[in-house]
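Quick note: the sequence shown uses full-length UniProt numbering, first residue 1, plus one each step. Glycine included, every Cβ here is placed at the ideal spot set by N, Cα and C. What follows is a short report on a single structure.
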Amino acid sequence: MRKELWYMVYSHLVILVFLLYMTFDLLTLVVDNTFSDALTSTDLNPPETAEPRAQLIPKIIHQTYKTEDIPAHWKDGQRKCIDLHPDYNYILWTDQKSRQFIQEEYPWFLETFDGYKYPIQRADAIRYFVLSHFGGIYIDLDDGCERRLDPLLTVPAFVRKTTPTGVSNDVMGSVPRHPFFLKVLESLQRYDNNWLIPYLTIMLSTGPLFVSLIWKQYKRWGVPENGVVRIMLPSDYKMHETSFFAISEGSSWHLNDAHFIKALANYIPLCVVLGFALAFFIMYLEYRVLCWLVTGGAWSRFCNNVLYTLGLSRSRTGNDSMELAQFRRLRKDSNLPINICIPDLEKQDPKFTDLSQ
1 MRKELWYMVY SHLVILVFLL YMTFDLLTLV VDNTFSDALT STDLNPPETA EPRAQLIPKI
61 IHQTYKTEDI PAHWKDGQRK CIDLHPDYNY ILWTDQKSRQ FIQEEYPWFL ETFDGYKYPI
121 QRADAIRYFV LSHFGGIYID LDDGCERRLD PLLTVPAFVR KTTPTGVSND VMGSVPRHPF
181 FLKVLESLQR YDNNWLIPYL TIMLSTGPLF VSLIWKQYKR WGVPENGVVR IMLPSDYKMH
241 ETSFFAISEG SSWHLNDAHF IKALANYIPL CVVLGFALAF FIMYLEYRVL CWLVTGGAWS
301 RFCNNVLYTL GLSRSRTGND SMELAQFRRL RKDSNLPINI CIPDLEKQDP KFTDLSQ
């Protein structure tokens, strides 16, 4: 029993190490270090007396939609971004234009691009490619511009902080061929996995969680000053006097599973308790199965029953083996003195004959 118990302990340790290795980047998101690279108020709202800073990011605004027929509730935000930036080049990447661009400029990715199960995955992927290729600022259609974006052009690249941790991909900016976005492009195929749940599949393959993981990997061993990805804080993003954007109804790609998973965020302590309870219940079941296997010949009987069901054995319960063991024992006993094997007869019995005389 002790040996089998240690086998179970060792197997669990191996599984634990494997899970830690596979989820290490995800676990590092618990440590929020976005503030070290945050865009400061001085960066985004410089005093009038300050010398103008060089603009690094090209004056291009990228947005995506399946066609050029934008839904009415997003048109005002789109129009504001265009009207506030008459000197910017505006590009709306439709599904057709996006695929043509990938086919012509990045044919190595076309099979993956076409193979995405959900349209939002292609909408996510194309924004990384165009930012790396042309540079500029990408803006989701549900993010309407509230002020000019010029202060954001003074850094090599930026993304925005999301809650509770990590970064988002709804507003991003970059110079052409920035090393961070090159790493994003290189990682897309490796992260193209089906996690069975649509929300997780999208988030981990092309969505904000994917970008956050790549950002963590990118920062791990340090980056040069011109390769730093600056972080836009929530107060600069929306709902403040100096915020760049106003948010309208979005998340049009969310399915029922997404609403359920997001609702769990309101019950995190309960989810943790239930998770531990489930883990202990599974470990208890494993212990009971282990006890069943190593006591009373249960494993042998189970194997015999399986072999009998498959027609590979003539004995259902292993009785043949038991009879063979008894036969072997009788043969062994036959070598013992005869008085051990044959009981003494009563001398008073009339059939008794004394052979010793």
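8 angstroms Cβ cutoff met for residue i and residue j
{"i": "residue 143", "j": "residue 247", "result": "yes"}
{"i": "residue 428", "j": "residue 65", "result": "For the chain, the structure presents residues 1 to 357; residue 428 sits outside this window and is missing."}
{"i": "residue 125", "j": "residue 134", "result": "no"}
{"i": "residue 244", "j": "residue 182", "result": "no"}
{"i": "residue 206", "j": "residue 121", "result": "yes"}
{"i": "residue 180", "j": "residue 229", "result": "yes"}
{"i": "residue 156", "j": "residue 226", "result": "yes"}
{"i": "residue 249", "j": "residue 73", "result": "yes"}
Cβ-based neighbour list, residue i, same chain, cut-off 7 angstroms, excluding 5 preceding and 5 following
{"i": "residue 190", "result": "none"}
{"i": "residue 185", "result": "128, 129 and 132"}
{"i": "residue 139", "result": "61, 63, 81 and 171"}
{"i": "residue 396", "result": "Here the chain covers residues 1 to 357 and nothing more, so residue 396 does not appear."}
{"i": "residue 431", "result": "No answer is possible for residue 431: it lies beyond the span of the chain, which begins at 1 and ends at 357."}
Contacts around residue i, its chain only, beta-carbon distance under 6 angstroms, and the 5 residues preceding and following it disregarded
{"i": "residue 173", "result": "57, 137, 152 and 158"}
{"i": "residue 45", "result": "242"}
{"i": "residue 168", "result": "160, 162 and 208"}
{"i": "residue 324", "result": "Interpretation of residue 324 is limited by its pLDDT of 49, a score under 50 that renders its predicted location unreliable; the figure taken from the coordinates is listed afterwards. Correct list: empty, nothing qualifies."}
{"i": "residue 67", "result": "94"}
Residue(s) in a DSSP beta bridge with residue i
{"i": "residue 19", "result": "Partner(s): none; residue 19 has no beta bridge."}
{"i": "residue 145", "result": "245"}
{"i": "residue 172", "result": "138 and 159"}
{"i": "residue 62", "result": "91 and 138"}
{"i": "residue 238", "result": "245"}
Reference residue i; option with closest CA among the options
{"i": "residue 194", "options": "202, 239 and 23", "result": "202"}
{"i": "residue 422", "options": "271, 212 and 240", "result": "Given that the chain is displayed from residue 1 to residue 357, the structure contains no residue 422 and the question cannot be resolved."}
{"i": "residue 232", "options": "25, 35 and 20", "result": "35"}
{"i": "residue 214", "options": "13, 24 and 17", "result": "24"}
{"i": "residue 9", "options": "284, 304 and 27", "result": "284"}
{"i": "residue 166", "options": "238, 187 and 217", "result": "217"}
{"i": "residue 53", "options": "154, 18, 27 and 106", "result": "154"}
{"i": "residue 6", "options": "303, 309, 310 and 287", "result": "287"}
Chain-order list of residues whose beta-carbon lies under 8 angstroms from that of residue i (same chain, five-residue window excluded)
{"i": "residue 87", "result": "59"}
Test: residue i CB closer than 8 angstroms to a CB of chain C
{"i": "residue 125", "result": "The structure shown has no chain C; it contains just one protein chain."}
field: Validate contact between the region 101–120 and the region 29–42 using beta carbons, cut 8 angstroms, 3 pairs
entry: Too few Cβ pairs lie closer than 8 angstroms, so no.
field: At least three beta-carbon pairs within less than 8 angstroms, the region 89–108 to the region 48–63
entry: Yes: at least three Cβ pairs fall under 8 angstroms.
- prompt: Between the region 114–121 and the region 37–45, do three or more beta carbon pairs fall short of 8 angstroms?
  reply: No, because fewer than three Cβ pairs between the region 114–121 and the region 37–45 fall closer than 8 angstroms, the two stretches do not touch.
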